[in-house]
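A.B. asks: Numbering (our numbering), first residue to last: 1319 to 1445.
Glycine included, C-beta positions come from ideal geometry on N, C-alpha and C.
A quick note: this is a predicted structure, and the numbers were derived from the prediction, not measured.
1) For residue 1375 and residue 1429, what's the separation of their Cα atoms in angstroms?
2) With a CB to CB cut of under 7 Å and the five nearest residues on each side skipped, what residues in its chain are close to residue 1413?
3) Taking only three categories from DSSP, how would you classify residue 1362?
4) With a threshold of 16 other CB atoms inside 10 Å of the CB of residue 1487, please say whether the residue is buried or exposed.
5) Whole angstroms are fine: how far does the CA of residue 1434 sit from the CA of residue 1403?
Here it is as structure tokens:
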């Protein structure tokens, strides 16, 4: 009987330790999420991307919106993920990433997908 009581006390301690560890990890995740939101709140720039009417080019426009706190950038460029069709008899798609020229904030950067390809996604990259 003493062995059973000792085993059940050991199980209770293990459960208590696991509960305390999960509460600690949960608190650490909440702190990490809150710090990410605080850093993102004071950014210096805002970027938008536009797809052309033909659907093969992307234009990135980044503008300065604030001069206080957050991440900074001095240049940006447009990037396009394109699906290129390769092969004659057995045609298949190959994903290609095309980068536009680096431009200062305030001036647009444009990139066009190569011939025989379609635009999948376009986005901005800053540095």
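C.D. replies: In short:
1) In the chain shown, residue 1375 corresponds to position 57, counting from 1. In the chain shown, residue 1429 corresponds to position 111, counting from 1. Between residue 1375 and residue 1429, the C-alpha separation is close to 6 Å.
2) One-based indexing of the chain shown puts residue 1413 at position 95. Counting only Cβ-Cβ distances below 7 Å, and skipping sequence neighbours, we find 1399, 1401.
3) By one-based count along the chain shown, residue 1362 stands at place 44. Residue 1362: coil per DSSP, three-state reduction.
4) Residue 1487 falls outside the range modelled here, since the chain spans only 1319 to 1445, and no answer is possible.
5) Within the chain shown, numbered from 1, the residue matching residue 1403 stands at position 85. Within the chain shown, numbered from 1, the residue matching residue 1434 stands at position 116. Between residue 1403 and residue 1434, the C-alpha separation is close to 6 Å.
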